[in-house]
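Q: Quick one: the structure is below, questions incoming.
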């Protein structure tokens, strides 16, 4: 066992539901690992989500047998519910959680919490999507995970893996954010991360080795549906401005140019809606007219709608004054997207599938989106131009 002075406390929450088969082995392995290698004080909290099997009794036994282990019982299901209750009452310096199957290699735990204890970062997540990560899982879960994270990126999120069950937060940050997190289930992680990023908090990412648990209790498709509903709810809150909350004064926040912090998430939401409309229109027209013509028409229609929506929601311009000029200038941004998407389609061989075409135009649109935001902010809807 390490003899390093242990002056900081890290709480590791393990949410469980009907895990009587795996619980004893997993908690024993986690306890042995932390006791033998972790250079800080730790506490393992087994959070039982109203299990109907022998899980709660096993949790009580483990708490009695192993030092630094305790058990908490909840009357309802939901990983988010368990984390909210334990984290909100914690006296640790850092709160964290991991899945009971321990799919993530425990060697990543110290790199996960160290930047939080040093004050370098505010939240930390394990990512299975980094180049250095080694992941073993089925193609269905791989496809769903990557598609979900791609959708988050289209909304403007910069973190790479929202769903990995291996995360940590500075306790003061967690307790400041928790009142604004509504979800009690699997979307809890994503909502917490989006809220943190919305407030300019620093999110550290650690590449992890991860092996899929074939006995996982997660209903993948139901979870995906719930996550999509959660995304739309967060998008509505962002557009309405209701997502803003106070955070601790001493938290170091990223500094953006004046007004940009409020504009970026709204622009991202408008962009996601515009992209989905573009893909639907492009897919429909693609069946009737040549692909390049379909692309141009779909881009033109959605560009006009995109400029109007950004004018009203992102940059707060109301009234008809200057609307025609701004639409005309917004078409300059449309031309950037047209050049990028037309070029990407022109470079594709004639034999590629429709799916590959969609991927190509989405990637080109992502690049065009960055250019469009800069043009709209510094030129089309620049306040100094509107004032003059």
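Residue numbers (full-length UniProt numbering): 1 to 388. Where a beta carbon is used, it is the ideal one built from N, C-alpha and C, also for glycine. Small disclaimer: the values here were computed from a predicted structure and weren't measured.
For residue 20, which residues of its own chain have a beta-carbon under 8 Å away from its beta-carbon, when the five flanking residues on both sides are left out?
A: Cβ neighbours of residue 20 beyond the five flanking positions: 51, 53, 54, 55 and 58.
Q: Taking the alpha-carbon of residue 15 as reference, which of 110, 86, 8 and 32 has the nearest alpha-carbon?
A: The shortest C-alpha separation from residue 15 is found at 86.
Q: Could you name the residues of the same chain whose beta carbon sits closer than 7 Å to that of residue 382, not counting the 5 residues immediately before and after it, in chain order?
A: No residues qualify anywhere along the chain.
Q: Helix, strand or coil for residue 255 per DSSP?
A: Unreliable positioning characterises residue 255 in this predicted model, as indicated by a pLDDT of 45, which lies under 50. A coordinate reading is not provided.
Q: In chain order, what residues of the same chain lie with their CB nearer than 8 Å to the CB of residue 326, ignoring the 5 residues before and after it?
A: Excluding sequence neighbours, residue 326 sits near 307, 311, 317, 380 and 381.
Q: What is the DSSP secondary structure of residue 324, reduced to helix, strand or coil?
A: Residue state, collapsed to three classes: helix.
Q: Do residue 48 and residue 73 have their C-beta atoms within less than 8 Å of each other?
A: Yes, the pair counts as a contact, with Cβ atoms nearer than the cut-off.
Q: So, are the CB atoms of residue 97 and residue 117 less than 8 Å apart?
A: Result no, Cβ atoms of residue 97 and residue 117 do not sit closer than 8 Å.
Q: At 3 residues or longer, and completely inside the segment 67-144: list those beta strand (DSSP E) runs for me, N to C.
A: Listed in chain order, the complete beta strand (DSSP E) runs (minimum 3 residues) inside the segment 67-144 are 69-74, 94-98, 123-127 and 134-136.
Q: Using 10 angstroms around the beta-carbon of residue 289, count the other beta-carbons present and answer buried if the total reaches 16, otherwise exposed.
A: With fewer than 16 Cβ atoms within 10 Å of its Cβ, residue 289 is classed as exposed.
Q: What are the complete alpha helix (DSSP H) segments, minimum 4 residues, inside the segment 14-46?
A: You should have 23-37.
Q: Count the other CB atoms, across all protein chains shown, that sit within 10 Å of the CB of residue 37; report buried if there are 16 or more and exposed otherwise.
A: By the 10 Å Cβ count, residue 37 comes out exposed.
Q: Here's the rule: buried if 16 or more other CB atoms are within 10 angstroms of the residue's CB, otherwise exposed. What is residue 145?
A: Buried, since its Cβ has 16 or more Cβ neighbours within 10 Å.
Q: If you drop the 5 nearest sequence neighbours on each side, which residues of the same chain put their C-beta closer than 8 Å to that of residue 105?
A: The answer, listed in chain order, is 208, 209 and 210.
Q: Provide the residue span of the alpha helix (DSSP H) that contains residue 198, from first to last.
A: 188-198 is the span of the alpha helix (DSSP H), which, as asked, contains residue 198.
Q: In the DSSP output, what is residue 203 paired with across the bridge?
A: Answer by DSSP bridge pairing, in chain order: 123.
Q: Following the continuous beta strand (DSSP E) through residue 180, name the residue where it begins and the one where it ends.
A: Element bounds for residue 180: n/a, residue is neither H nor E.
Q: Could you tell me whether the Cβ atoms of residue 190 and residue 168 are closer together than 8 Å?
A: Contact: no.
Q: Taking all protein chains shown into account, do 16 or more other C-beta atoms lie within 10 angstroms of the C-beta of residue 293, making it buried, or fewer, making it exposed?
A: Residue 293 is exposed by the Cβ-count criterion.
Q: Got a sec, what are the start and stop residues for the alpha helix (DSSP H) residue 293 sits in?
A: Per DSSP, residue 293 belongs to the alpha helix (DSSP H) from 291-309.
Q: Can you give me the C-alpha to C-alpha distance between residue 95 and residue 170, rounded to a whole angstrom?
A: For residue 95 and residue 170, the distance between alpha carbons rounds to 6 Å.
Q: Exposed or buried, what is residue 69 when buried is set at 16 or more other beta-carbons lying within 10 Å of its beta-carbon?
A: By the 10 Å Cβ count, residue 69 comes out buried.
Q: Which residues mark the beginning and the end of the alpha helix (DSSP H) in which residue 379 is found?
A: Taken as a continuous stretch (DSSP letters only), residue 379 belongs to no alpha helix (DSSP H), as it is neither H nor E.
Q: From 263, 262, 270 and 303, pick the residue whose C-alpha is nearest to that of residue 281; which is it?
A: Among 263, 262, 270 and 303, the Cα nearest to that of residue 281 belongs to 303.
Q: Is residue 285 helix, strand or coil when you go by DSSP?
A: Three-state DSSP puts residue 285 in a helix.
Q: For a quick check, are the C-beta atoms of residue 123 and residue 30 less than 8 Å apart?
A: For residue 123 and residue 30, no; Cβs fall outside 8 Å.
Q: Mind checking which residues open and close the beta strand (DSSP E) that includes residue 430?
A: Nothing about residue 430 can be reported from this structure: the residues present for the chain run from 1 to 388 only.
Q: In whole angstroms, give me the CA-to-CA distance for residue 250 and residue 78.
A: For residue 250, the predicted model reports a pLDDT of 44, less than 50, meaning its position is unreliable and no value from the coordinates is stated.
Q: Could you tell me whether the Cβ atoms of residue 99 and residue 165 are closer together than 8 Å?
A: In this structure, residue 165 lies closer than 8 Å to residue 99 by Cβ.
Q: So the candidates are 139, 39 and 176; which of them puts its Cα closest to the Cα of residue 110?
A: Per the Cα distances, 39.
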